[in-house]
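K.L.:
First the structure, which I've put down as structure tokens, then a few questions once you've had a look.
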Amino acid sequence: MGYKSFIKNQTQEYIKFSKDVEARAKNYKENYIEIVNRKNYISCGLTHNPVAAAKDNYLWFLNNCMQMQKIHDNDEYISIFLTLTLDSQYHRYIKKSKRLNKKFKEENTIEKGYKLLNDSFREIYKNFRVNRKHTKIHYCKAIEFTHCFTSHLHAIIFVKKEHLDKLINHIKNIVKKNKLGKEYKIDVIDNIKATTYYVIKYINKEQNNEDENSFHLANGWKKKHRIRAYTFSYSALERYVFKKVNTILNLSKNLKNEVEKNVIDEVLEKCNIRITTKKMNEDKTYNLKIKRYFNDDSKYDVIVNRTRTTKMKIDSDKLLELEEKLDVIKSYKANKSFFYINYQFFDLEKYEKQLEKLENDYNDFYNSFDFFDDEIENKLKRFERIISRHKAKKGFYNSMLTKDEFIKKFRSELEVKTYNYKIDNFTIIDKETNEVIYNKKDYVLFEKLEDKELEEYTKENAKKIKVGA
Numbered sequence: 004m005g006y007k008s009f010i011k012n013q014t015q016e017y018i019k020f021s022k023d024v025e026a027r028a029k030n031y032k033e034n035y036i037e038i039v040n041r042k043n044y045i046s047c048g049l050t051h052n053p054v055a056a057a058k059d060n061y062l063w064f065l066n067n068c069m070q071m072q073k074i075h076d077n078d079e080y081i082s083i084f085l086t087l088t089l090d091s092q093y094h095r096y097i098k099k100s101k102r103l104n105k106k107f108k109e110e111n112t113i114e115k116g117y118k119l120l121n122d123s124f125r126e127i128y129k130n131f132r133v134n135r136k137h138t139k140i141h142y143c144k145a146i147e148f149t150h151c152f153t154s155h156l157h158a159i160i161f162v163k164k165e166h167l168d169k170l171i172n173h174i175k176n177i178v179k180k181n182k183l184g185k186e187y188k189i190d191v192i193d194n195i196k197a198t199t200y201y202v203i204k205y206i207n208k209e210q211n212n213e214d215e216n217s218f219h220l221a222n223g224w225k226k227k228h229r230i231r232a233y234t235f236s237y238s239a240l241e242r243y244v245f246k247k248v249n250t251i252l253n254l255s256k257n258l259k260n261e262v263e264k265n266v267i268d269e270v271l272e273k274c275n276i277r278i279t280t281k282k283m284n285e286d287k288t289y290n291l292k293i294k295r296y297f298n299d300d301s302k303y304d305v306i307v308n309r310t311r312t313t314k315m316k317i318d319s320d321k322l323l324e325l326e327e328k329l330d331v332i333k334s335y336k337a338n339k340s341f342f343y344i345n346y347q348f349f350d351l352e353k354y355e356k357q358l359e360k361l362e363n364d365y366n367d368f369y370n371s372f373d374f375f376d377d378e379i380e381n382k383l384k385r386f387e388r389i390i391s392r393h394k395a396k397k398g399f400y401n402s403m404l405t406k407d408e409f410i411k412k413f414r415s416e417l418e419v420k421t422y423n424y425k426i427d428n429f430t431i432i433d434k435e436t437n438e439v440i441y442n443k444k445d446y447v448l449f450e451k452l453e454d455k456e457l458e459e460y461t462k463e464n465a466k467k468i469k470v471g472a
């Protein structure tokens, strides 16, 4: 397939994928969800505007970059603009000639390239050491697609001037070790106040694009490959607080200059915020943590109560790592030549018994999971294919696990601890009039599987209003 045909087909595929996803979300929100005010029992529906949501995401990213710039705007810090690319084997077509790239490998999927970039960047900020001590650096990171839809990474990194050379060498070492693209760039921004202009100039605004097809192209690419577009190490204000306050008070409505006007600053200037988190423990006890954003001169009080619970879930990155391990396990029986090449290292009879046991253990392991979604199950089925490229390791059978150990080991490798937050209440109060502008508890959400259920609720409680209940 030629370059133009490939781009055309992929573009149409991403646009269609995005439109289908957003249409389903719109249909569900507008036709199956209803919100009822507990006080007056007036119902209203939800709206779905993905273009506006994407614009808010870009605005949120940009404003957090501005906040970090403000924090590090002193003689002690300097910023760099980093671009990481993937090696030639990840690019289907050559950028200049638009011809098929002979070095491209089919197994180097967009997801695999995205993971490599993320893992490499994680090494940069997690393993940066000065005098053998970990040194924290703040960053804003964005993932975009290239000419043939592979990923590349842009990041703004703030670092102390005295550590600049060490950080640059550290980045170069990781690029070399992980075999990233040679077209990576490290631009030192001498004037830290110019950092935000680099973001605006070099980081694509496709997610902030009001052109429908341009939006759906970027949105489809991101959602089809499960790509997180924006990440930052520091947030001046929790996202959910910003989103709710901005939605209720419309603080970004008249935002014209996205560089000089920072809507996060507007929220912090106009709101006195208190967030109380109830952290649930495994023994069902809990601890309280209170976080405040003080502003006595603010116009509004924002009071948030939430509960944090712990949950174990499948980590997709760990699942990809496990895939290779299980592929190796399955290849022992598939690659019959292994016995003839390496049997002299083993007691063959003992090895075959161990192999049979391992095969049974694997089947038990596969069938023991009761929490797989379709995607994970499909990936596990890939472990069944015959893979001859893997080489057996000498003495492998001596380190084989028992059935229970085998299952337990891979469960622990797949699972990761996550925290879920439930907003118990969210209140916005006008301090001058003491009027409650918004109270989450005033609203109840219905899933309109049956319209009669909503009608009965509304009629029943309408009677209570009349009798003063």
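In terms of the numbering used here, the sequence shown has 62 at position 59, counting the first letter as 1, and numbering is strictly consecutive. Don't be surprised by glycine CBs; every beta carbon is placed ideally from N, CA and C. Just so you know, these numbers come straight off a predicted model, no measurement behind them.
(1) Cα separation between Asp23 and Tyr17?
(2) Identify the continuous beta strand (DSSP E) that holds Cys274 and give its terminal residues.
(3) Which value, in whole angstroms, describes the spacing of the CA atoms of Arg95 and Asn111?
(4) Label Asn67 either buried or exposed according to how many other C-beta atoms from any shown protein chain fall within 10 Å of its C-beta, with 16 as the threshold for buried.
(5) Can you tell me where the beta strand (DSSP E) holding Glu147 begins and where it ends?
(6) With DSSP collapsed to three states, give me the class of Ala232.
(7) Once you ignore the five residues that flank Lys443 on each side, which residues in its own chain have a CB closer than 6 Å to its CB?
(8) Under the rule that 16 or more other beta-carbon atoms within 10 Å means buried, what is Asn12, buried or exposed?
(9) Expressed to the nearest angstrom, what Euclidean distance is found between the alpha-carbon atoms of Tyr237 and Asn40?
(10) If I'm right that Leu183 touches Leu87 with Cβ under 8 Å, what's the distance once you round it to whole angstroms?
(11) Helix, strand or coil: how does DSSP classify Ala239 here?
(12) Beta carbon of Val244, beta carbon of Thr279: below 8 Å?
(13) Quick check on DSSP: helix, strand or coil for Ser301?
(14) Under three-state DSSP, which class holds Glu418?
(15) Put Ile426 into one of helix, strand or coil per three-state DSSP.
(16) Any chance you could list the beta strand (DSSP E) runs of at least 3 consecutive residues sitting entirely within the region 61-145, in chain order?
(17) For Met315 and Arg229, what's the separation of their Cα atoms in angstroms?
(18) List the residues that DSSP assigns as beta-bridge partners of Met315.
(19) Reducing DSSP to helix, strand and coil, say where Gly48 ends up.
P.N.:
On the basis of the data shown:
(1) 10 Å
(2) 274-283
(3) 10 Å
(4) buried
(5) 141-148
(6) coil
(7) Asn428, Phe429
(8) exposed
(9) 36 Å
(10) 6 Å
(11) coil
(12) no
(13) coil
(14) strand
(15) strand
(16) 80-87
(17) 20 Å
(18) Lys420
(19) strand
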